[in-house]
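Numbering (numbering that gives the first Met the number 0), first residue to last: 0 to 250.
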Amino acid sequence: MRSQLTLTVAESKRLIAKGVANLDVVKSAMSSGLIAISYGSTNAYVAEELLGKEIEKERYLTGHTLPAKFDKSGKKRGSRIPTFIFKDGQVALDMDLNTALADMKKGDVFIKGANALNYQRGVAGILIGDSKGGTIGNAIGHIVGRRIRLVIPISLEKCVAFDIDEIAETLSETCQDERGDIPRLMAVRGDIITEIEALRVLAGVQAMHIASGGIGGAEGGVRLIIEGHKEAVDKAIGIVEEIQGEARFFS
Numbered sequence: 000m001r002s003q004l005t006l007t008v009a010e011s012k013r014l015i016a017k018g019v020a021n022l023d024v025v026k027s028a029m030s031s032g033l034i035a036i037s038y039g040s041t042n043a044y045v046a047e048e049l050l051g052k053e054i055e056k057e058r059y060l061t062g063h064t065l066p067a068k069f070d071k072s073g074k075k076r077g078s079r080i081p082t083f084i085f086k087d088g089q090v091a092l093d094m095d096l097n098t099a100l101a102d103m104k105k106g107d108v109f110i111k112g113a114n115a116l117n118y119q120r121g122v123a124g125i126l127i128g129d130s131k132g133g134t135i136g137n138a139i140g141h142i143v144g145r146r147i148r149l150v151i152p153i154s155l156e157k158c159v160a161f162d163i164d165e166i167a168e169t170l171s172e173t174c175q176d177e178r179g180d181i182p183r184l185m186a187v188r189g190d191i192i193t194e195i196e197a198l199r200v201l202a203g204v205q206a207m208h209i210a211s212g213g214i215g216g217a218e219g220g221v222r223l224i225i226e227g228h229k230e231a232v233d234k235a236i237g238i239v240e241e242i243q244g245e246a247r248f249f250s
């Protein structure tokens with residue numbers, strides 16, 4: 000059986016977060032282990048799914064993209080919420096990303112969003128705005144050295160037209176006449192979780208990304224075709240119908 004699904008940006012974030020929360024590696028680490036959730040808009044939804052309650056998502060952001068003339072009036076927010084670290088399924092109030100990384104071992108999970116995606120190559124790109132390599136620069140040595148699972152929740156809206164390794168190389172090159180604050184980019188590989196993986200985990204369907212974009216709030220949205228047994232397709236449709244109408248991140 001085949002059906003079509005369309006998701007707004009916010010709906011995709013919610014779907015992906017549900018998929019991440021239901022990954023075997025995440026459920027295992029929630030049972031016994033450590034999970035660290037770095038800052039990010041999609042990660043704020045992941046935190047909500049693991050907590051089982053809403054948080055002030057606008058206070059769980061790191062660097063993010065806004066329209067050049069975004070109206071910030073009325074969008075005041077307090078200081079950032081401390082990063083969520085789960086130890087054996089409970090929030091570890093005495094730990095932050097650094098102390099969690101120091102204690103993590105094989106099988107533990109580090110969750111980090113990304114800004115660019117080469118889906119078929121399984122490569123994500125993370126923009127870095129500081130000279131120390133940002134969150135991922137600090138974490139990657141621990142992740143690789145200790146075989147920590149790097150889970151990367153990212154929407155298909157972030158698919159880019161160019162090779163991420165080439166983009167990273169270009170942005171690392173010195174330019175004598177560089178206008179504005181241009182970030183660097185790090186190519187990373189890990190467990191990339193898009194809408195496709197989320198639907199597979201949650202409903203057992205295969206999904207294909209067939210189009211992107213829209214109007215009336217669907218800007219940046221994705222259009223998917225799903226296939227599977229009738230029961231699986233019906234389940235996927237039901238899951239998506241439940242999250243349709245998810246409020247925009249900044250309403």
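Idealized CB from N, CA, C, for every residue including glycine.
Query, Result
"By the three-class DSSP mapping on this structure, what secondary structure does arginine 58 have?", "helix"
"Let me make sure I understand the geometry here. Which of Tyr59, Tyr38 and Met103 has the alpha-carbon closest to that of lysine 86?", "Met103"
"Return the chain-ordered ranges of every beta strand (DSSP E) run that is complete within the region 194-250 and spans a minimum of 3 residues.", "205-211 and 221-226"
"Please report the straight-line C-alpha distance between isoleucine 36 and isoleucine 153, rounded to a whole angstrom.", "14 Å"
"Could you give the uninterrupted runs of the alpha helix (DSSP H) lying entirely in the region 30-58, keeping only those of 4 residues or more?", "40-50"
"Can you give me the C-alpha to C-alpha distance between serine 2 and alanine 138, rounded to a whole angstrom?", "40 Å"
"Determine the closest residue to serine 31 out of Ile127, Val90 and Gly39, with distance taken between C-alpha atoms.", "Val90"
"Would you call asparagine 42 buried or exposed, if buried means 16 or more other Cβ atoms sit within 10 Å of its Cβ?", "buried"
"Could you compute how far the alpha carbon of leucine 126 sits from the alpha carbon of glycine 39?", "12 Å"
"As a quick exercise: from Gly121, Val204 and Ala167, pick the residue whose alpha carbon is nearest that of aspartate 190.", "Gly121"
"Tell me whether alanine 160 is buried or exposed, calling it buried when 16 or more other Cβ atoms sit within 10 Å of its Cβ.", "exposed"
"Taking DSSP as the reference, what is the three-state secondary structure of valine 108?", "strand"
"Strictly by DSSP, which residues pair up with valine 150?", "Ile110 and Asp190"
"Check whether the region 230-245 and the region 49-61 are in contact - that is, three or more C-beta pairs closer than 8 Å.", "no"
"CB alanine 9 to CB valine 108, shorter than 7 Å?", "no"
"With respect to the alpha helix (DSSP H) encompassing arginine 13, which residues constitute its N-terminal and C-terminal limits?", "8-20"
"Tell me the rounded alpha-carbon separation between isoleucine 147 and glycine 140.", "10 Å"
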